[in-house]
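Worksheet: the structure to be examined is printed underneath.
Protein chains: 2
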Amino acid sequence: MGRRKKEPRSVHRENIVSAASALFMKRGIAATSMDDIAKAAGYSKTTLYVYFENKEEIVGILVLNSMKKLDDYISSALIQHETTKARYDFICRGLVQYQEEFPFYFKMVLDKINIDFESKNYLPEEKETYQIGEEINEKIKNFLLSGMEKGDLRSDLEIMPAILNFWGMLSGIIQLAANKEEYIKKSMGLSKIKFLEYGFSLVYHSIATKG
Amino acid sequence: MGRRKKEPRSVHRENIVSAASALFMKRGIAATSMDDIAKAAGYSKTTLYVYFENKEEIVGILVLNSMKKLDDYISSALIQHETTKARYDFICRGLVQYQEEFPFYFKMVLDKINIDFESKNYLPEEKETYQIGEEINEKIKNFLLSGMEKGDLRSDLEIMPAILNFWGMLSGIIQLAANKEEYIKKSMGLSKIKFLEYGFSLVYHSIATKG
DNA sequence: CAATAATTAAACTTACAGTTTAATTATATA
DNA sequence: TATATAATTAAACTGTAAGTTTAATTATTG
Chain A
0 MGRRKKEPRS
10 VHRENIVSAA
20 SALFMKRGIA
30 ATSMDDIAKA
40 AGYSKTTLYV
50 YFENKEEIVG
60 ILVLNSMKKL
70 DDYISSALIQ
80 HETTKARYDF
90 ICRGLVQYQE
100 EFPFYFKMVL
110 DKINIDFESK
120 NYLPEEKETY
130 QIGEEINEKI
140 KNFLLSGMEK
150 GDLRSDLEIM
160 PAILNFWGML
170 SGIIQLAANK
180 EEYIKKSMGL
190 SKIKFLEYGF
200 SLVYHSIATK
210 G
Chain X
0 MGRRKKEPRS
10 VHRENIVSAA
20 SALFMKRGIA
30 ATSMDDIAKA
40 AGYSKTTLYV
50 YFENKEEIVG
60 ILVLNSMKKL
70 DDYISSALIQ
80 HETTKARYDF
90 ICRGLVQYQE
100 EFPFYFKMVL
110 DKINIDFESK
120 NYLPEEKETY
130 QIGEEINEKI
140 KNFLLSGMEK
150 GDLRSDLEIM
160 PAILNFWGML
170 SGIIQLAANK
180 EEYIKKSMGL
190 SKIKFLEYGF
200 SLVYHSIATK
210 G
């Protein structure tokens with residue numbers, strides 16, 4: 000008798016996720032069917048459901064991967080730079096890069112990060128996603144605290160609400176700039192990045208010491 | 000011979016939209032089918048498609064109606080109050096009220112306002128929605144300009160990018176607070192409104208003169 | 001009452017998520 | 001190398017929802 004081995008489960012999952020990623024990037028998540036993914040990955044639809052619970056699980060893994068990259072962006076902002084302003088600029092650029100690379104996931108992450116994940120029964124990837132969200136929060140916290148210590152950021156900041164509101168302000172203008180790039184160009188003659196640089200300066204102004 | 004009159008088209012449209020509104024509020028837009036709407040409105044599904052192109056048109060009208068209310072909120076903020084701070088507080092409260100009353104539309108409006116609507120062929124309600132978006136922008140502009148004149152807001156604000164970035168920051172923190180109300184409560188012991196008040200003070204700080 | 005406008009039920013199409021079944025293909029090992 | 005078994009598959013199926021078609025019914029008014 001003989002059992003079959005060939006490739007481990009993880010390889011098939013990777014093949015499928017990778018094909019799905021390319022299709023999601025090109026056509027969006029909703030416009031990509033499980034049949035499309037199966038065809039592109041070179042499996043039958045039946046096999047897809049051997050390796051994944053459902054479409055949501057595939058999306059969840061891609062969201063997780065994208066979150067890891069965002070976490071890396073932010074980590075390197077803090078490692079590579081010393082001054083508060085340089086760190087801030089790098090974080091902002093990382094967020095813009097993230098939005099541009101993963102527009103569909105950016106939106107989802109805005110909704111998903113930091114929901115209470117103790118109470119409900121989430122998939123392991125979802126829990127991991129939330130944990131990375133927590134790590135990002137922790138890094139933003141360290142950035143704000145060190146800026147306050149250095150005297151660059153207002154010493155009266157209430158750190159906990161400041162973290163999330165900081166994130167909310169930045170993600171708000173980035174999402175808006177992405178949605179309305181055309182309008183911004185037409186109505187004020189600004190490129191998306193010029194517009195955002197102005198927005199980033201406003202946000203910095205909200206947390207920085209005067210002068 | 001005889002033609003039938005009974006009720007004008009607008010009455011039927013109103014009946015249908017009104018039934019749809021109640022269902023959307025209760026169960027959300029995606030979870031409400033056209034059959035559900037037909038049943039609740041007391042028409043057959045066939046008749047729904049006599050009075051409306053598709054589900055999107057019904058949603059579009061409700062988004063428009065909700066936008067009108069938001070415009071009213073903001074208008075009355077500017078009429079009822081004189082000082083920059085009082086106006087600001089009232090605008091913020093209006094936005095929160097709007098998000099809470101129409102959570103599904105708030106999200107859509109964030110995406111829809113101010114896209115270039117000259118180029119594509121939109122439905123009349125969509126065009127009207129965009130025009131109300133423009134009116135809201137105009138009011139925010141007046142608010143910012145009068146605040147600058149009074150010396151309450153920074154005189155170096157670049158008005159055009161400031162308007163949209165202001166809107167982006169506020170909508171960003173409001174959407175975030177709505178998504179993560181539970182998390183905010185658990186992790187920092189703050190009510191949504193207390194958290195948002197802190198965020199609003201940050202945003203105000205970004206545009207206000209020092210002092 | 002007759003002509004016609006409004007409305008309807010019901011069956012239909014299309015698309016997609018997800019499932020079931022029975023058959024096929026590959027492979028380790030005796 | 002034969003074969004038990006693991007992996008994979010095609011194809012048909014269910015369920016749901018948007019939107020369409022058709023033929024019949026109901027209401028109105030002259």
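Heads up: the protein sequence lines correspond to chains A and X, in order. According to numbering that gives the first Met the number 0, the stretch in the first sequence is residues 0 to 210, in order. According to numbering that gives the first Met the number 0, the stretch in the second sequence is residues 0 to 210, in order. For every residue, glycine included, the Cβ atom is placed at its ideal position computed from N, Cα and C.
Neighbour flag for residue i against chain X, beta carbons, 8 Å
i: Asp155 of chain A; result: no
i: Asp110 of chain A; result: yes
i: Phe103 of chain A; result: no
i: Val58 of chain A; result: no
i: Arg2 of chain A; result: Bear in mind that a pLDDT of 47 at Arg2 of chain A, under 50, signals an unreliable position, so the model cannot answer this.
i: Gly146 of chain A; result: no
i: Phe194 of chain A; result: yes
i: Asn53 of chain A; result: no
i: Asn64 of chain A; result: no
i: Ile72 of chain A; result: The displayed chain sequence assigns Tyr, not Ile, to residue 72 of chain A. It does not: the Cβ of Tyr72 of chain A has no partner Cβ on chain X nearer than 8 Å.
i: Leu69 of chain A; result: no
Test: residue i CB closer than 8 Å to a CB of chain A
i: Leu163 of chain X; result: yes
i: His279 of chain X; result: Not covered by the structure: residue 279 of chain X. The range shown for chain X is 0 to 210.
i: Gly93 of chain X; result: no
i: Gly167 of chain X; result: yes
i: Val202 of chain X; result: yes
i: Asn141 of chain X; result: no
i: Pro123 of chain X; result: no
i: Lys209 of chain X; result: yes
i: Tyr87 of chain X; result: no
i: Ser32 of chain X; result: no
i: Gly220 of chain X; result: Outside the modelled stretch of chain X, which goes from 0 to 210, sits residue 220 of chain X, for which no answer is possible.
Endpoints, alpha helix (DSSP H) assigned at residue i
i: Pro160 of chain X; result: 158-178
i: Arg86 of chain A; result: 83-100
i: Asn14 of chain A; result: 8-26
i: Ala76 of chain A; result: 54-79
i: Ala39 of chain X; result: 33-40
i: Tyr50 of chain A; result: 44-50
Identified DSSP bridge partners for residue i
i: Ala207 of chain A; result: A:Leu152
Residue of the options minimising C-alpha distance to residue i
i: Glu137 of chain X; options: X:Glu99, X:Ala40, X:Asp70; result: X:Asp70
i: Phe89 of chain X; options: X:Tyr72, X:Ile173, X:Phe101; result: X:Tyr72
i: Ile15 of chain X; options: X:Ala29, X:Lys25, X:Ser43; result: X:Ser43
i: Gly150 of chain A; options: A:Lys185, A:Lys209, A:Glu99; result: A:Lys209
i: Val10 of chain A; options: A:Leu47, A:Gly167, A:Lys25, A:Phe23; result: A:Leu47
i: Gly171 of chain X; options: X:Asp110, X:Val58, X:Gly41; result: X:Asp110
i: Val95 of chain A; options: A:Phe199, A:Ser205, A:Tyr203; result: A:Phe199
i: Gly41 of chain X; options: X:Val58, X:Asn64, X:Ala30, X:Arg12; result: X:Arg12
Q. So, do the region 73-93 of chain A and the region 133-153 of chain A have three or more beta carbon pairs nearer to each other than 8 Å?
A. Touching, yes, given that three or more Cβ pairs across the two stretches are closer than 8 Å.
Q) With a cut-off of 8 Å, do at least 3 Cβ pairs link the region 46-54 of chain A to the region 79-95 of chain A? A) The count of Cβ pairs closer than 8 Å, one atom from the region 46-54 of chain A and one from the region 79-95 of chain A, stays below three, leaving the stretches out of contact.
Q. Taking contact to mean at least 3 C-beta pairs separated by less than 8 Å, is the region 24-38 of chain X in contact with the region 3-14 of chain X?
A. In short, these stretches do not touch, since the Cβ pair count stays below three.
Q.
Using a Cβ distance threshold of 8 Å, determine whether the region 187-198 of chain X contacts the region 153-165 of chain X, with at least three qualifying pairs required.
A. Segments in contact, no.
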